[in-house]
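Visitor: Quick note on numbering that gives the first Met the number 0: the sequence shown kicks off at 0 and runs consecutively. All C-beta atoms, glycine included, are put in the ideal place defined by N, C-alpha and C. This structure is in structure tokens; I'll ask about it shortly.
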Amino acid sequence: MSDFYQTGVVATFHRLNAENQTTIETKLEQYAEERPIALVLPSLFSELKGQALQNIVEELKKVNYIKEVVVTLGPAYEKEFIEAKSFFSVLPQKTRVIWNNGKRMRKIYKSIESEGLPTGLEGKGRSAWMAYGYVLSQHQFNAIALHDCDIVTYTKDMLTRLCYPVTNPGMDYDFCKGFYARVTDKMHGRATRLLVTPLIRALQKILGHHPLLAFFDSFR
């Protein structure tokens, strides 16, 4: 982590001791036997050609605590969907690829909308929610993890630390959000720095203290 600062009401677990990673992973494997974990990967077809996703797949091959991987694929032709299934078939975990703009999925989206529930615009958010629906429909999983497919510096340790707080029965967490520092010659996080944080701080000044605003302001 980039620093040791605690921001408000959301606890931050810093990576103070990298040597305990094996211990954490071993415990997580034990917890996952009783509290199964599914991993959702929202992916564009173009990312299959990138080095980042190839490395992610290699790292996931070493992970034993994930019961199922659900790849929710962005806009793709049928041949690209078939190629994506082949690409992810090397994973040792049970793996499902959701073709979001395929014929069967389009019928599902239309069926949902016919009940008066808008599914929103095509994109990563909608694809992720459809994957969540698939996972929850199985009634098998206690936790759902999600991360992008373009993390250049990805290691399996990132996934372990993401899953551990919500899987450990001794830790009372329902949600965990991972982050990593990008140390370059550029300023990153423009949406947070220039829009979200100033907007929340302005609302706090206008409305005064509100638990929800304090919660939002605590995220990094």
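Less than 7 angstroms between C-beta atoms, sequence neighbours within five positions excluded: which residues of the same chain meet that for F215?
Guide: Only I199 meet the Cβ criterion.
Visitor: Go ahead and label F12 buried or exposed: buried means 16 or more other beta carbons lie within 10 angstroms of its beta carbon, across all protein chains shown.
Guide: Burial call: exposed.
Visitor: Taking the DSSP output, what are the residues bridged to V68?
Guide: In DSSP, V68 forms a bridge with L38 and T94.
Visitor: Can you find the residues in the same chain that come closer than 7 angstroms, C-beta to C-beta, to C175, ignoring five residues on each side of it along the sequence?
Guide: Cβ neighbours of C175 beyond the five flanking positions: L161, P164 and V165.
Visitor: Given a threshold of 16 other Cβ atoms within 10 Å of its Cβ, counted over all protein chains shown, does N99 qualify as buried or as exposed?
Guide: Its Cβ being crowded by 16 or more others within 10 Å, N99 is buried.
Visitor: Would the beta-carbon of A37 fall within 7 angstroms of that of E58?
Guide: No, the Cβ-Cβ distance between A37 and E58 is not below 7 angstroms.
Visitor: Among Q5, V8 and L27, which has the Cα closest to the Cα of N167?
Guide: The option with the nearest alpha carbon to N167 is L27.
Visitor: So, for P91: in the same chain, excluding its five sequence neighbours on each side, which residues have a beta-carbon less than 7 angstroms away from its beta-carbon?
Guide: Taken in chain order, the residues that qualify are K60.
Visitor: If we count the other Cβ atoms within 10 Å of its Cβ and call it buried at 16 or more, is Y4 buried or exposed?
Guide: Looking at its Cβ environment, which holds fewer than 16 other Cβ atoms inside 10 Å, Y4 is exposed.
Visitor: Can you check which of these residues, Q139, D149 and L158, is closest to F44 by C-alpha distance?
Guide: F44 has its Cα closest to that of D149, out of Q139, D149 and L158.
Visitor: Taking one C-beta from the region 107-119 and one from the region 47-54 each time, how about it: are there three or more such pairs within less than 8 angstroms?
Guide: Result no; under three Cβ-Cβ pairs closer than 8 angstroms.
Visitor: Is it true that the CB of R219 sits closer than 7 angstroms to the CB of T6?
Guide: Taking 7 angstroms as the Cβ cut-off, T6 and R219 qualify as a contacting pair.
Visitor: Relative to the C-alpha of G49, which candidate in W128, L211, D147 and L206 has its C-alpha closest?
Guide: Of W128, L211, D147 and L206, the residue nearest in Cα terms is D147.
Visitor: Would you identify the three-state DSSP class for A265, choosing helix, strand or coil?
Guide: Residue 265 falls outside the range modelled here, since the chain spans only 0 to 219, and no answer is possible.
Visitor: Return the Cβ separation of V70 and I97 in integer angstroms, given the expectation that the two are a contact with Cβ distance under 8 angstroms.
Guide: About 7 angstroms separates the two Cβ atoms, so the contact holds.
Visitor: Would you list, in sequence order, the uninterrupted alpha helix (DSSP H) runs of no fewer than 4 residues that lie entirely inside the region 148-209?
Guide: List check, alpha helix (DSSP H) in window: 155-166 and 196-206.
Visitor: Rank Q137, A83 and L211 by C-alpha distance to the C-alpha of E46 and give the top, closest one.
Guide: Selected option, being the one with the closest Cα: A83.
Visitor: Tell me the residue span of the alpha helix (DSSP H) that contains V8.
Guide: Careful: V8 lies outside any alpha helix (DSSP H) and carries neither H nor E.
Visitor: Quick check: the Cα distance between G73 and A127, rounded to an integer number of angstroms?
Guide: Between G73 and A127, the C-alpha separation is close to 10 angstroms.
Visitor: Pick helix, strand or coil for Q53, following the three-state DSSP scheme.
Guide: Here Q53 sits in helix by DSSP.
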